[in-house]
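S.K.: Numbered as in the UniProt record's numbering, the sequence shown ends at 514 without a single skipped number. Using N, Cα and C, we set each Cβ at its ideal position, and we do this for glycine too. All values reported here derive from a predicted model rather than from experimental measurement. Sharing a structure below in structure tokens format, with a few things to ask.
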Amino acid sequence: MMNNNNAVNTTNSNFDLDQLMSLQPPLKENPFANTRVADLFREQARKTPDAIAVEMGDESMTYKELDQRSDLLSSALVETGVGPNDIVAMNLSKNVYQAVGILGVTKSGGAFLPMDPSWPLERRQYIVKDANCRVAIIQGQFKGEYDGWFDGRFMVVDDPVWDDLLQQAQSDESVLGEQPTFSNPHDIAYIIFTSGSTGKPKGATVKHLGLMNYQWSLASLNLKDKGWRCALSFNYYFDFFYYDFFSTICFEAGTIVYYENGLALDGMTEVAALSSVPDSVELILVGGEALTGATVDAVKESNAKLVSVYGPTETSNIVCARTVLDSNNITSLGAFFPNVQTYVSCPESLELKAFGEWGELLIGGDQVGLGYLNRPELTAEKFISNPWGAGTLYRTGDLVRFGADGQLEIGGRIDFQIKFNGQRMEAGEIENALMSIDGVDEAVVLHRKDLDGPDALCAYVKPSSAVVDGGANLKANLVLPKYMFPTAFVGIDSWPRNGNEKIDRKSLPKPVAI
1 MMNNNNAVNT
11 TNSNFDLDQL
21 MSLQPPLKEN
31 PFANTRVADL
41 FREQARKTPD
51 AIAVEMGDES
61 MTYKELDQRS
71 DLLSSALVET
81 GVGPNDIVAM
91 NLSKNVYQAV
101 GILGVTKSGG
111 AFLPMDPSWP
121 LERRQYIVKD
131 ANCRVAIIQG
141 QFKGEYDGWF
151 DGRFMVVDDP
161 VWDDLLQQAQ
171 SDESVLGEQP
181 TFSNPHDIAY
191 IIFTSGSTGK
201 PKGATVKHLG
211 LMNYQWSLAS
221 LNLKDKGWRC
231 ALSFNYYFDF
241 FYYDFFSTIC
251 FEAGTIVYYE
261 NGLALDGMTE
271 VAALSSVPDS
281 VELILVGGEA
291 LTGATVDAVK
301 ESNAKLVSVY
311 GPTETSNIVC
321 ARTVLDSNNI
331 TSLGAFFPNV
341 QTYVSCPESL
351 ELKAFGEWGE
361 LLIGGDQVGL
371 GYLNRPELTA
381 EKFISNPWGA
391 GTLYRTGDLV
401 RFGADGQLEI
411 GGRIDFQIKF
421 NGQRMEAGEI
431 ENALMSIDGV
441 DEAVVLHRKD
451 LDGPDALCAY
461 VKPSSAVVDG
471 GANLKANLVL
481 PKYMFPTAFV
491 GIDSWPRNGN
501 EKIDRKSLPK
511 PVAI
């Protein structure tokens, strides 16, 4: 909590420190603070061994089979020397083996690092080397991609040898091996690589304590019923995946249902707005993008409950949630979880903002991660010592203020970070990738929300020589994950400039073809 003996600066004469402190989330004892999600899953597997834990199409695994397969993988990882804070890369397409990999690494004490096989090989190479991974969990079909540059150990998770070991374990459980015990909730649970403003992705670390605080907090809201079938519409490299994944098999005794392309229910896909909701859907969680009135209205016509959530990867993903009943005040973030601290400050001076003033959201408490992997300067910039108390604060870059109801309202970003189609990305990384293409002199990327139709991720390109027809050549040569590809392109002969001779982004035209 804030130390009242510290001097507090503000530009508002109506500043009321006691009022702001009264709005802090409560401190509560988390019964799972010294527990791993893998331990909760093991307990659930003993209670419901024959229930289906994960399925995709015709493939499925019971709780017992998933528990035993992940035990076998954990033992193999420990034999290779994997222990606390050792990072294990995972290169798996969306299928039931993702669950084996996630739980196996967690049981071993290591930290898993999910990657998508569809990412450009150069990006995956950079991430594996940056994280100093000595072990990679892969599917057999991708092993050839690691020839010549990866000198670590492979665990081919779909190799038939695991089936043989699993069969042996039915009569001799010693085959499963000894599982290491958990000791430190501040160890790294997993790492999510997100877009970086320098052009290189950065790895945000999530510790066990933060993961368990938000899982416990959401479980306390009783959003899901026991035994629910939960459709996983996100891929496992996106942090929102892990709420549904862990809550379903660790807290709800439910079934995870994988789909190849988004949420395959009556034609629904990974979209920013809904026009209708199938009757079979009972709960919709919205996060990563600003909630729209159209989405709220569509859900109101259904049987589903709509819950809006918010939280950066750097603070273990979700830090607050609220049930949305109508389209009034849809910018409210809702109640923050116990053991999470929130402050609103001036981005330049870190002076606290008064009630109702806009400022940058700073988050502290149990869910703050350990910083960025091998990025000490960036970590020092974004993860700061709490000027008003103990612990570390994460600078979110999100613009917020306290509303009349005492809850925080979000008003956009203070920097050039973009949230598009639920994915967070840095404009700088996309711009650097564009400028690495022959014929491109300069590039600027904007998230355009002021169009008559859907939002656009718009690339403004100043060619140095070649003229690109409709962006087709740019897309063909762009080395980025598909979700970071611009959806519109604008050719620029000269940039509009502001008084400081910087590019005036607000004056850039609406998208047209190059």
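1. Where does the unbroken beta strand (DSSP E) through Pro114 begin, and where does it stop?
2. Inspect the beta-carbon positions of Phe336 and Val309 and report whether they are closer than 8 Å.
3. Near Leu176, which residues of its chain fall below 8 Å by C-beta distance, leaving aside the five closest residues on each side in sequence?
4. When the Cα atoms are used, what is the spatial distance from Leu223 to Glu282?
5. If I measure Cβ to Cβ from Gly104 and keep anything under 6 Å in the same chain, skipping five residues before and after, which residues do I get?
6. I believe Val96 touches Val88 by the beta-carbon criterion, under 8 Å. Please report the beta-carbon distance rounded to the nearest angstrom.
7. If you compare alpha carbons, which of Val340, Asn339, Glu360 and Gly356 is closest to Glu348?
8. Can you have a look at Asp398 and say buried or exposed, based on whether 16 or more other CB atoms are within 10 angstroms of its CB?
9. Return the residue from the list Ile384, Val479 and Phe402 that minimises the CA-CA distance to Glu431.
10. If Thr248 and Gly369 are in contact, beta carbons under 8 Å, what's the gap, nearest whole angstrom?
11. Hey, would you say Ile191 sits closer than 8 Å to Ala99, going by beta carbons?
12. Where do the ends of the alpha helix (DSSP H) carrying Thr379 lie?
13. By Cβ distance, which residues of its chain are closer than 6 Å to Ala488, with the 5 residues on each side in sequence left out?
14. What residues in its chain sit with their C-beta under 8 Å from that of Ile414, if we drop five residues either side in the sequence?
15. Could you check the C-alpha separation between Gly196 and Gln167 for me, to the nearest Å?
16. What is the DSSP secondary structure of Asp297, reduced to helix, strand or coil?
17. By DSSP, does Val490 sit in helix, in strand, or in coil?
18. Starting from the N-terminal side, write out each stretch of the beta strand (DSSP E) that is 3 residues or longer and does not extend beyond the segment 35-82.
19. Is the closest heavy atom of the ligand ATP to the C-beta of Val299 under 7 Å?
20. Taking Tyr343 and Met56 to be in contact with their CB atoms under 8 Å, please state how far apart those CB atoms are, rounded to whole angstroms.
21. Whose CA, out of Asn91, Arg123 and Arg134, lies closest to the CA of Asp116?
22. To test your reading of the DSSP string, which unbroken alpha helix (DSSP H) runs of 4 or more residues are found completely within the UniProt domain "AMP-dependent synthetase/ligase" (278-373)?
23. Taking Cβ positions, are Glu357 and Arg401 nearer each other than 8 Å?
24. From the DSSP output, in three-state form, read off Glu173 for me.
25. If I follow the unbroken alpha helix (DSSP H) through Leu434, where does it start and stop?
26. Mark Thr323 as exposed unless 16 or more other C-beta atoms lie within 10 angstroms of its C-beta, in which case mark it buried.
27. By how many angstroms is the C-alpha of Thr379 removed from the C-alpha of Gly371?
28. Can you tell me which of Leu446, Gly101, Ala189 and His447 puts its alpha carbon nearest to the alpha carbon of Phe154?
29. What's the call for Gly391, buried or exposed, on a 16-neighbour Cβ count within 10 Å?
30. Helix, strand or coil for Pro481, going by three-state DSSP, please let me know.
31. Give the DSSP-derived three-state secondary structure of Lys200 in the structure shown.
32. Per the contact definition of three or more C-beta pairs closer than 8 Å, is the segment 180-189 in contact with the segment 122-136?
33. So, under 8 Å CB-CB, Ser332 and Gly411 are touching, yes? Tell me the CB distance rounded to an integer number of Å.
34. Expressed to the nearest angstrom, what Euclidean distance is found between the alpha-carbon atoms of Asp225 and Ala219?
35. From which residue to which residue does the beta strand (DSSP E) around Ile503 run?
36. Alpha carbon to alpha carbon, how far is Lys506 from Leu23?
M.R.: Checking against the coordinates, here is how it stands:
1. Ala111 to Met115
2. no
3. Gln68, Asp71, Leu72, Ser75 and Ala169
4. 10 Å
5. Ser70, Leu73 and Ser74
6. The Cβ separation is near 18 Å, so there is no contact.
7. Glu360
8. Its Cβ being crowded by 16 or more others within 10 Å, Asp398 is buried.
9. Val479
10. At roughly 23 Å, the Cβ-Cβ gap does not stay under 8 Å, so Thr248 and Gly369 are not in contact.
11. no
12. Here the alpha helix (DSSP H) through Thr379 covers Pro376 to Lys382.
13. Leaving aside the five residues that flank Ala488 on each side, the residues in its chain whose CB is nearer than 6 Å to its CB run, in chain order, Ala456, Cys458 and Pro511.
14. Pro347, Glu360, Gly397, Asp398 and Leu399
15. 45 Å
16. helix
17. For Val490, the three-state secondary structure derived from DSSP is strand.
18. 52-56 and 59-62
19. Of ligands this structure carries none, so the ligand ATP is not represented either.
20. With 8 Å as the limit, Tyr343 and Met56 do not qualify as a contact, their Cβ atoms being about 43 Å apart.
21. Of the listed residues, the one whose Cα sits closest to Asp116 is Asn91.
22. 293-300
23. yes
24. It is helical.
25. Ala427 to Met435
26. exposed
27. 5 Å
28. Gly101
29. exposed
30. coil
31. coil
32. no
33. Going by Cβ atoms, the distance from Ser332 to Gly411 rounds to 11 Å, so no, they are not a contact pair.
34. 10 Å
35. It is not in any beta strand (DSSP E) - Ile503 carries neither H nor E in the DSSP assignment.
36. 35 Å
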